[in-house]
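Asks:
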Amino acid sequence: MTYVWQPSSTDVLVYVRCHEDGRLENASLGTLQKIQKHGLEPIVILNRPVGSTVSLPGNVKAVYAPDSDISQSFLTGELALIKQVLAALIPDITQLVVFASGNTSTDLAAMLAVQRGGAVITGVQKIAFENNELFLRKYVLGGTWQTDSSPQTNFATITLHAKPIPGQEMHTMTVSAIPVTLNGGPQIIDRKPQPVSERPELTEAAVVVTGGRGTNGDFSVVEDLADSLEAAIGATRDAVDEGWADHSMQVGQTGKTVSPQVYIAAGVSGAIHQRVGMDTAENIIAINSDEDAPIFEIATVGIVGDLFDVLPELTERINQRKTS
2 MTYVWQPSST DVLVYVRCHE DGRLENASLG TLQKIQKHGL EPIVILNRPV
52 GSTVSLPGNV KAVYAPDSDI SQSFLTGELA LIKQVLAALI PDITQLVVFA
102 SGNTSTDLAA MLAVQRGGAV ITGVQKIAFE NNELFLRKYV LGGTWQTDSS
152 PQTNFATITL HAKPIPGQEM HTMTVSAIPV TLNGGPQIID RKPQPVSERP
202 ELTEAAVVVT GGRGTNGDFS VVEDLADSLE AAIGATRDAV DEGWADHSMQ
252 VGQTGKTVSP QVYIAAGVSG AIHQRVGMDT AENIIAINSD EDAPIFEIAT
302 VGIVGDLFDV LPELTERINQ RKTS
């Protein structure tokens with residue numbers, strides 16, 4: 002018998018990551034808001050102690066957090082937390098656990114689904130309910146195919162691509178502390194934080210400027226434009242393979258997925274493995290000297306021209322507007 006998801010009888014849990022200072026991670030915030038758009042009141046699980054209250058957008062049924070720091074237990078601490086929250090709920094209720102897309106989230110979603118005998122679907126771009134059935138849309142095979150799937154089990158986990166909706170009203174919620182019992186597992190014995198950039202983090206930035214092969218290795222004009230816009234800097238796989246940019250800057254199928262309000266592609270051809278990492282951007286501005294470049298097929302605004310002419314002029318006009 003095919004199982005049909007019904008929003009009225011399904012508890013949806015959203016796993017929300019917090020930074021060390023208590024701020025909500027943008028990707029998790031967007032994931033929570035994307036679930037709420039369907040009229041659902043999710044249960045929120047936070048990954049760290051945040052005190053007795055927390056500010057969250059929209060309608061939330063309940064909020065849980067660990068009663069102690071579990072960050073030294075690699076994956077196992079977070080997995081134990083989620084399982085113990087699930088155990089605290091009505092055991093036979095249908096459940097959907099939603100994570101923001103990311104490497105750690107993918108591992109957690111898979112481990113949890115296997116242990117509970119449920120389905121797991123990662124990299125979801127769109128979620129929808131049709132005739133009370135849950136449909137999940139994602140792109141596969143380098144973005145060349147679009148798939149719609151629906152869990153056929155009472156329990157499922159998904160990872161979801163989403164960006165936060167700015168300006169949404171926040172509500173103060175009471176946090177229920179959950180004691181987390183850790184039974185062995187790998188431990189983090191040392192952390193070496195990466196140098197903190199003054200630019201926004203790539204996956205959380207509202208504006209991203211990405212340079213491709215057309216830069217010929219000179220990212221100076223990309224950096225100048227990004228600084229004028231207080232934007233993050235991305236790079237294509239070609240630029241990373243050539244050694245022009247660090248892998249942490251790579252946007253695409255084998256890099257990071259971004260969903261900014263504005264995505265500026267400079268000297269980017271728009272190959273499918275790159276497009277799959279940024280085609281959910283709200284506005285795409287493409288600058289390329291090749292008028293037949295595939296990037297123009299998905300661009301909101303396309304500029305045919307040499308990026309070394311276009312970007313400096315654009316930067317100058319932005320700086321003039323800021324000082325006027």
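Numbers given in our numbering equal positions in the sequence shown, counted from 1, plus 1.
Where a beta carbon is used, it is the ideal one built from N, C-alpha and C, also for glycine.
1) Across which residues does DSSP place Q188 in a beta bridge pair?
2) So is S270 in contact with chain D if we call contact Cβ pairs under 8 Å?
3) DSSP beta-bridge partners for L135?
4) Excluding sequence positions up to five away, which residues of its chain have a Cβ less than 7 Å from the Cβ of F136?
5) Could you tell me the distance, in whole angstroms, from the CA atom of L109 to the CA atom of L80?
6) Using a threshold of 8 Å, state whether the C-beta atoms of D70 and P180 are closer than that.
7) What three-state label does DSSP hand I286 in the structure shown?
8) Evaluate contact between the stretch 229 to 242 and the stretch 280 to 295, counting only Cβ atoms and requiring at least three cross-stretch pairs below 8 Å.
9) Hey, quick one: how far does the alpha helix (DSSP H) through V115 stretch, first residue to last?
10) Are the stretch 195 to 204 and the stretch 212 to 220 touching by the rule of at least three beta carbon pairs closer than 8 Å?
11) Measure the C-alpha to C-alpha separation of G118 and P313 and round it to an integer number of angstroms.
12) Output the distance between the C-alpha atoms of I190 and T77, rounded to the nearest integer angstrom.
13) Check whether the stretch 84 to 91 and the stretch 51 to 62 touch, using three or more Cβ-Cβ pairs below 8 Å as the test.
Replies: Reading it off the structure:
1) S74
2) Considering every chain present, this structure includes no chain D. It has just one protein chain.
3) Its beta-bridge partners are F130.
4) A129, D149 and S151
5) Whole-angstrom Cα-Cα distance: 6 Å.
6) no
7) strand
8) Verdict: no, contact absent.
9) N104 to R117
10) no
11) Each residue's alpha carbon lies about 55 Å from the other.
12) 14 Å
13) Because the criterion of three Cβ pairs below 8 Å is not met, the stretch 84 to 91 and the stretch 51 to 62 do not touch.
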